[in-house]
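Okay, so here's the structure we're looking at.
Numbering (the working numbering), first residue to last: 52 to 513.
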């Protein structure tokens, strides 16, 4: 029994000392986060760390404000609103940082912002109505619960979540259980306030302190794990692409070398028709190589982060006209008509260079897999959340079992066109990457023998 009493003394801390621990703990974490951001982080994680770091700064100042509050009896709205707003703001930023880790949609961020605004307004209303201390404590705890419940649930249920991410999500659920207890407890002990000398509340604050340290360090470790996985994936993709590109460059270059050797051997060049055919084939092979290298260079820039992303309001027709003009000779060789149904003075908020690359690759693919005398049609429809573009052909179509693998990096393979044109699938992967940078999606509708319709969406804003 004596041992138990001695053990319980570990939890006997003045509530202000616990607040001091929370201040120093959050301050130390903020320092660690910003140190990590300026020294070890990658370009992709800098925003995550900035948001998470500011959440810890807000929280450290919030606990400092609680700690410095001397008059806990007199009702003073300013002394209540300022520290609580900092606490709520810190947990809102932390929830945003958590959502960033699970690649959430803009809708999830908007929902989180609305919840924050509603709950903050509810707390301000309670203060304005001079609600009792236990009501304010319960409501403040409920605000924190609402801020963390969705991100914590996403951490645990994400399909491709790592075990480490699930452990971190489980840690947040322990924190939420402590918060739930703190929501309910004040209603059974009406004298409970933030500063009350209450062993149960002291234990709750110590649990919050412990979970805060684990979640802070865990978040940094998780970012490092994500970075290592990304590097590993890049290395795997690099090796795969080297194999694909080496194979696909070999064919056109062998053709160029072989045909040029034939021309060199025929010193008299008496057969002008045959010579002209050789030159056309060399030209076609050179264009194939050039297109492949263009896509490879663009992909490399995209993967290394050196490719800028500068969305702006641009007119769509000139972008499409440029792509059609670049591919006019290729289409002419197969007597394929390219028709755009998109009228002038239609605008989209997008990166011009990326949009040109998307249309160029999709139109090129449509020409490649369309028989002679075929047709390629470009169109656009307006939807509630943005624009949906379509590049439709009446070509050979795609088998259902191949459609799922069209945009997958690990399923890239050479596919010959209707005139034996070569291709790697790299263009489609670039389209997918660029469209996703805009917050859109790409998909295909096709049936063998009846053509294909590649569609992609661009939201109103990015």
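We put the beta carbon where it would ideally sit given N, CA and C, even for glycine.
Inter-residue Cα distance where the pair is residue i and residue j
{"i": "residue 121", "j": "residue 130", "result": "10 Å"}
{"i": "residue 48", "j": "residue 148", "result": "An answer regarding residue 48 cannot be provided, because it is not within the stretch 52 to 513 covered by the chain."}
{"i": "residue 429", "j": "residue 397", "result": "14 Å"}
{"i": "residue 419", "j": "residue 98", "result": "41 Å"}
{"i": "residue 85", "j": "residue 136", "result": "23 Å"}
{"i": "residue 203", "j": "residue 221", "result": "8 Å"}
{"i": "residue 267", "j": "residue 283", "result": "25 Å"}
{"i": "residue 368", "j": "residue 378", "result": "16 Å"}
{"i": "residue 421", "j": "residue 362", "result": "32 Å"}
{"i": "residue 263", "j": "residue 90", "result": "23 Å"}
{"i": "residue 167", "j": "residue 405", "result": "35 Å"}
{"i": "residue 439", "j": "residue 494", "result": "11 Å"}
{"i": "residue 502", "j": "residue 448", "result": "4 Å"}
{"i": "residue 480", "j": "residue 416", "result": "12 Å"}
{"i": "residue 433", "j": "residue 484", "result": "22 Å"}
{"i": "residue 190", "j": "residue 171", "result": "10 Å"}
{"i": "residue 173", "j": "residue 366", "result": "44 Å"}
{"i": "residue 364", "j": "residue 372", "result": "17 Å"}
{"i": "residue 198", "j": "residue 119", "result": "26 Å"}
{"i": "residue 145", "j": "residue 207", "result": "16 Å"}
{"i": "residue 414", "j": "residue 427", "result": "8 Å"}
{"i": "residue 508", "j": "residue 487", "result": "9 Å"}
{"i": "residue 128", "j": "residue 66", "result": "21 Å"}
{"i": "residue 370", "j": "residue 154", "result": "30 Å"}
{"i": "residue 496", "j": "residue 395", "result": "27 Å"}
{"i": "residue 324", "j": "residue 331", "result": "11 Å"}
{"i": "residue 114", "j": "residue 151", "result": "26 Å"}
{"i": "residue 181", "j": "residue 409", "result": "59 Å"}
{"i": "residue 454", "j": "residue 286", "result": "26 Å"}
{"i": "residue 270", "j": "residue 217", "result": "12 Å"}
{"i": "residue 192", "j": "residue 256", "result": "12 Å"}
{"i": "residue 489", "j": "residue 385", "result": "33 Å"}
{"i": "residue 76", "j": "residue 179", "result": "32 Å"}
{"i": "residue 435", "j": "residue 101", "result": "32 Å"}
{"i": "residue 327", "j": "residue 374", "result": "28 Å"}
{"i": "residue 83", "j": "residue 74", "result": "14 Å"}
{"i": "residue 441", "j": "residue 349", "result": "23 Å"}
{"i": "residue 458", "j": "residue 506", "result": "13 Å"}
8 Å contact criterion, which residue i and residue j should meet: CB distance rounded
{"i": "residue 88", "j": "residue 71", "result": "With 8 Å as the limit, residue 88 and residue 71 do not qualify as a contact, their Cβ atoms being about 26 Å apart."}
{"i": "residue 185", "j": "residue 232", "result": "At roughly 14 Å, the Cβ-Cβ gap does not stay under 8 Å, so residue 185 and residue 232 are not in contact."}
{"i": "residue 425", "j": "residue 387", "result": "5 Å"}
{"i": "residue 456", "j": "residue 499", "result": "Actually they are not in contact, since the Cβ atoms of residue 456 and residue 499 sit about 16 Å apart, beyond 8 Å."}
{"i": "residue 132", "j": "residue 175", "result": "7 Å"}
{"i": "residue 163", "j": "residue 201", "result": "7 Å"}
{"i": "residue 159", "j": "residue 134", "result": "Not really, about 28 Å apart at Cβ, beyond 8 Å."}
{"i": "residue 265", "j": "residue 229", "result": "Actually they are not in contact, since the Cβ atoms of residue 265 and residue 229 sit about 12 Å apart, beyond 8 Å."}
{"i": "residue 111", "j": "residue 78", "result": "4 Å"}
Residue environment, residue i, which counts as buried when at least 16 other CB atoms sit within 10 Å
{"i": "residue 142", "result": "buried"}
{"i": "residue 411", "result": "buried"}
{"i": "residue 478", "result": "buried"}
{"i": "residue 219", "result": "buried"}
{"i": "residue 444", "result": "buried"}
{"i": "residue 169", "result": "exposed"}
{"i": "residue 376", "result": "exposed"}
{"i": "residue 390", "result": "exposed"}
{"i": "residue 107", "result": "buried"}
{"i": "residue 156", "result": "exposed"}
{"i": "residue 96", "result": "buried"}
{"i": "residue 402", "result": "buried"}
{"i": "residue 359", "result": "exposed"}
{"i": "residue 188", "result": "buried"}
{"i": "residue 344", "result": "exposed"}
{"i": "residue 383", "result": "exposed"}
{"i": "residue 399", "result": "buried"}
{"i": "residue 205", "result": "buried"}
{"i": "residue 279", "result": "exposed"}
{"i": "residue 589", "result": "Missing from the structure shown is residue 589; the chain here goes from 52 to 513 and no further."}
{"i": "residue 226", "result": "buried"}
{"i": "residue 423", "result": "exposed"}
{"i": "residue 392", "result": "exposed"}
{"i": "residue 272", "result": "exposed"}
{"i": "residue 165", "result": "exposed"}
For residue i: DSSP bridge partner residues
{"i": "residue 494", "result": "506"}
{"i": "residue 444", "result": "427"}
{"i": "residue 399", "result": "365"}
{"i": "residue 434", "result": "437"}
{"i": "residue 558", "result": "Within the shown structure, residues of the chain are numbered from 52 to 513, placing residue 558 beyond reach of any answer."}
Uninterrupted alpha helix (DSSP H) stretches inside the region 115–163 (no shorter than 4 residues): 128–152
Contiguous alpha helix (DSSP H) assignments of at least 4 residues, all confined to the region 169–244: 184–208 and 214–239
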